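In case it helps, full-length UniProt numbering puts the sequence shown at residues 1 to 229.
Ideal placement from N, C-alpha and C gives every residue a C-beta, glycine not left out.
Predicted model, so just to flag it, every value in this text is computed and none were measured.
The structure appears below as structure tokens.
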Amino acid sequence: MQFGVVWMFTGLVEEKGKLVSIRRGADSAKLKVNARVIIDGLQLGDSIAVNGVCLTVTSFDRQQFEADVMAETLAKTNLGGLQPGDRINLERALKLGDRLGGHLVSGHIDGVGTILGMEKHDIATIVTIGAPPEVMRYIIKKGSVAIDGTSLTVVDFNEDSFQVSLIPHTAHATVLGEKKPGDRVNLEGDMIGKYVERWLGMKSDDISQPKAKTGGGVTTDFLARNGFL
């Protein structure tokens, strides 16, 4: 790791790469990805968000790079289901001083969701995604969420799903425009929400319940009454 570099991402996908190969071992796999934009200035050990998953570059040339993926990551993200030829979202790590155009994304996936529906509304597409509790706890209306590494704003949500609006540019520039109902997507909740949860000393695993308590006696009812939810 280089001094002065923070391995964070913005959720603004730089290009759609193509998976060349995936070599699976007993406890890991090696991905080889064809890319163009992100190769510029790339160095060994750099971090790349691949469908929102932070991976380390182990080798590269002028047209592609390789990265190792551990078994746990394969099991807990949609990378385990990739096949050669699949398109994937790619973003280089944000450096201090770079412009932050999306929101802070760590590259550590909170859970995998499933696309439940896609409905055209004028030029946009409303995408409904079913998500596990470990993701839904960080979902708020007009809040940020990273879907396959793409920074998007939550339009609405209920107990176990949420909606985002996909504009034509995002649909074209990311793999989200190629998705269909039933597809699995990597989800990362807003980092700020995680710090707030930690600061409050959250005790309950299910904060979707109205009376779910946090440290200091704060409840979701209290947050809603005071305009935080």
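With a beta-carbon spacing of about 12 Å, Ile88 and Val185 fall beyond the 8 Å limit used to define contacts.
If you draw a straight line from the Cα of Lys16 to the Cα of Leu200, it comes to about 38 Å. Here DSSP, grouped into helix, strand and coil, assigns Lys76 to helix. Taking a contact as a CB-CB distance under 8 Å, the pair Ala93 and Asp46 counts as one, their CB atoms being some 7 Å apart. The shortest CA-to-CA distance from Gly111 to any of Met118, Ser59 and Gly52 is the one to Gly52. Nearest to Glu14 by C-alpha distance, out of Ala173, Lys180 and Tyr195, is Ala173. Between the beta-carbon of Thr153 and that of Leu176 there is about 13 Å, and that puts the pair past the 8 Å contact cut. Between the beta-carbon of Val33 and that of Phe65 there is about 6 Å, and that keeps the pair under the 8 Å contact cut. If you draw a straight line from the Cα of Val164 to the Cα of Gln43, it is about 34 Å long. For Ile192, the enclosing alpha helix (DSSP H) starts and ends at Met191 to Leu200. Per DSSP, the beta bridge partners of Leu55 are Ile48. Contact check for Gly117 and Pro168: beta-carbon distance about 19 Å, past the 8 Å limit, so the pair fails to qualify. Residue burial annotation: Lys179 is buried, with at least 16 other C-beta atoms found within 10 angstroms of its C-beta.
For Met136, the enclosing alpha helix (DSSP H) covers residues Pro133 to Met136.
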